[in-house]
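In the numbering used here, the protein residues as written are 113 to 606.
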């Protein structure tokens, strides 16, 4: 039958029954506590008619309630589908219909949203109410035959370019991620994992929570605020965190930062975008810690892929790394599928044990990205003479002006070097003669004029790459994992 995700919880309940394993703002649960509660809840869900193979949307913040629903579903062979709670009922309804959701398990704080969706599903249960109702059910492990190759989870892409797609995983694929990441980061049961990025997203859940579960680590769970991030580290002596770069940059601005004890942290992992060299030096100095790891991978890859280690940042900041994780391979290819030479642009391909089974109910999209065992990522990149990989841009974000390809990320990296620029998003906007022209949407942290930015970019970029249009905003739109919603920027500013 093979190993399963919920089997890890059951193993940890045997090995570390009294260990504080799930720590939230309102609760502290041991592995034993969590397993017993999830067993009771699983039997309650069975009693309510939820069956093996049913697809169950999980609507919860980063609290213990998320895990109650998640593990209880897995224990009976139902398929949890964590969803982004920031989406509107209309957006969620479309997702549920495409995914054939049988029902919803929701946290009480989201009751209003859940009520608006009840016509779309067969059942709609409050997690808190279900836990209370399950109190008299047996707390022993269930005997439901589940194979490691069975579908156990559906996650949804961030939808930065359109409608979120359901990404299907088996126990086997997720365990491949967990084992690889635990090896690459030397994780053990002595680690304490800080998870403040939304668990509906793939990296916080599949890459880092699962790797901690694999090793029997403790988990500190909550929603991100800069102050909360620092408080949790000091209070719980956490050792590991994963966040978008912007989260670390925001925490580094805290005026009381120097008073916090962050000495227990041995890994600050980040993904979803690079840390420019200047930003790396800033957070390293602010946190008094050099242990920053860049993590690259797509939801469709697990996510799993390649790392940039702390000692590589000084020379290769901005790179995604050189060496893939232990069970992955990486290539850059030309449109004809042949491998590129050093410094030649091409598309990143990934292969390994953790790739998705496919897109849910979408064989055409699946076949477009999974070819010959390789995942075609849509990321344009190059490899330097030392073998380090650099993302240039998303294939779909490339600006074509007068027949010439312009890569927004290159321009954004130049703008980030200016002392007055906090961040930017560069997009192509329609132009009568050239097809598209370059527009920079900029968030400032100091005083600078448009003319000064024009002069600055002209010092670093060829004339045809320099933004022709500037727009200044207070903030850029982001999804729940911190990624800038470039298509939304384009819609508003084009």
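Backbone N, C-alpha and C define an ideal beta-carbon position, used for all residues, glycine too.
Starting from the C-beta of residue i, find all residues in its chain whose C-beta is less than 7 Å away, skip the five residues before and the five after it, and write them out in chain order.
{"i": "residue 252", "result": "151"}
{"i": "residue 548", "result": "511, 512, 513, 540, 541 and 542"}
{"i": "residue 295", "result": "438"}
{"i": "residue 558", "result": "531 and 532"}
{"i": "residue 360", "result": "380, 382 and 395"}
{"i": "residue 366", "result": "338, 339 and 342"}
{"i": "residue 127", "result": "328"}
{"i": "residue 573", "result": "523 and 526"}
{"i": "residue 478", "result": "470 and 471"}
{"i": "residue 141", "result": "133, 134 and 176"}
Using 8 Å for Cβ pairs, my map puts residue i next to residue j. What's the rounded Cβ distance?
{"i": "residue 322", "j": "residue 353", "result": "Wrong, their Cβ atoms sit about 15 Å apart, outside the cutoff."}
{"i": "residue 580", "j": "residue 560", "result": "17 Å between Cβ atoms; not a contact."}
{"i": "residue 258", "j": "residue 136", "result": "That pair is no contact at about 27 Å."}
{"i": "residue 342", "j": "residue 311", "result": "That belief does not hold up - the Cβ atoms of residue 342 and residue 311 are roughly 21 Å apart, past 8 Å."}
{"i": "residue 489", "j": "residue 410", "result": "6 Å"}
{"i": "residue 133", "j": "residue 331", "result": "6 Å"}
{"i": "residue 424", "j": "residue 433", "result": "7 Å"}
{"i": "residue 554", "j": "residue 527", "result": "7 Å"}
{"i": "residue 530", "j": "residue 568", "result": "5 Å"}
{"i": "residue 333", "j": "residue 450", "result": "About 45 Å; that fails the 8 Å criterion."}
{"i": "residue 149", "j": "residue 243", "result": "7 Å"}
{"i": "residue 403", "j": "residue 422", "result": "5 Å"}
{"i": "residue 496", "j": "residue 506", "result": "Actually they are not in contact, since the Cβ atoms of residue 496 and residue 506 sit about 20 Å apart, beyond 8 Å."}
Going by beta carbon distance, what residues of the same chain come within less than 6 Å of residue i, once the five residues before and after it are set aside?
{"i": "residue 261", "result": "282 and 284"}
{"i": "residue 124", "result": "143 and 328"}
{"i": "residue 362", "result": "338"}
{"i": "residue 594", "result": "356, 358 and 384"}
{"i": "residue 442", "result": "418, 436 and 462"}
Nearest by alpha-carbon distance to residue i: which of the options is it?
{"i": "residue 415", "options": "431, 382 and 395", "result": "382"}
{"i": "residue 139", "options": "234, 371, 527 and 179", "result": "179"}
{"i": "residue 407", "options": "357, 147 and 522", "result": "357"}
{"i": "residue 375", "options": "477, 396, 420 and 390", "result": "396"}
{"i": "residue 570", "options": "596, 523, 534 and 497", "result": "523"}
{"i": "residue 586", "options": "534, 355, 446 and 606", "result": "534"}
{"i": "residue 349", "options": "526, 367, 304 and 388", "result": "304"}
{"i": "residue 276", "options": "210, 130, 302 and 145", "result": "210"}
{"i": "residue 145", "options": "159, 121, 160 and 157", "result": "121"}
{"i": "residue 401", "options": "420, 388, 428 and 364", "result": "364"}
{"i": "residue 525", "options": "320, 299 and 577", "result": "577"}
{"i": "residue 224", "options": "301, 340 and 201", "result": "201"}
{"i": "residue 208", "options": "171, 241 and 177", "result": "171"}
{"i": "residue 264", "options": "336, 239, 184 and 388", "result": "184"}
{"i": "residue 325", "options": "131, 574, 477 and 521", "result": "131"}
{"i": "residue 612", "options": "499, 509, 460 and 372", "result": "Lying before the first or after the last residue shown, residue 612 is absent from the chain, which here runs from 113 to 606."}
{"i": "residue 517", "options": "346, 440 and 546", "result": "546"}
{"i": "residue 389", "options": "205, 588, 428 and 447", "result": "428"}
{"i": "residue 119", "options": "256, 563 and 420", "result": "256"}
Excluding the five sequence neighbours on either side, which residues of its own chain have a C-beta within less than 8 Å of the C-beta of residue i, listed in chain order?
{"i": "residue 602", "result": "539, 540 and 541"}
{"i": "residue 494", "result": "444, 452, 454, 455, 456, 457, 458, 501, 502 and 504"}
{"i": "residue 215", "result": "162, 166, 168, 169, 233, 234, 235, 236 and 237"}
{"i": "residue 114", "result": "259, 260, 261, 283 and 284"}
{"i": "residue 267", "result": "193, 194, 278, 279, 281, 312, 313, 314, 317, 318 and 411"}
{"i": "residue 475", "result": "none"}
{"i": "residue 250", "result": "151, 152 and 155"}
{"i": "residue 472", "result": "210, 211, 266, 277, 278, 279 and 280"}
{"i": "residue 344", "result": "306, 308, 332, 334 and 350"}
{"i": "residue 286", "result": "117, 264, 265, 318, 322, 414 and 466"}
Completely contained alpha helix (DSSP H) runs for the region 500–541, where each covers 4 or more residues: 520–528
Give a yes or no on contact between the region 413–430 and the region 465–474, applying the rule of three or more CB pairs nearer than 8 Å. A contact exists between the region 413–430 and the region 465–474.
Within the chosen definition, does the region 155–170 reach the region 185–197 through at least 3 CB pairs nearer than 8 Å? Below 8 Å, enough C-beta pairs join the region 155–170 and the region 185–197 to call them touching: three or more.
Ignoring anything shorter than 3 residues, give me the beta strand (DSSP E) runs that lie fully in the region 440–490, in order along the chain. If one requires a minimum length of 3 residues, the beta strand (DSSP E) runs lying completely within the region 440–490 are 440–445 and 458–464, in chain order.
Is the region 286–297 in contact with the region 214–228, if contact means three or more CB pairs nearer than 8 Å? no
Counting only runs that start and end within the region 244–301, where is the beta strand (DSSP E) found for 3 or more residues in a row? 263–268 and 278–282
In chain order, which alpha helix (DSSP H) runs of at least 4 residues are fully inside the region 291–361? 322–327 and 338–348
Suppose only complete runs of 4+ residues qualify. What are the alpha helix (DSSP H) ranges in the region 548–599, listed by chain order? 562–572
What alpha helix (DSSP H) runs, 4 residues minimum, are completely inside the region 143–198? 143–159 and 176–187
Which residue spans inside the region 364–427 form an unbroken beta strand (DSSP E) run of at least 3? 379–382, 404–408 and 418–420
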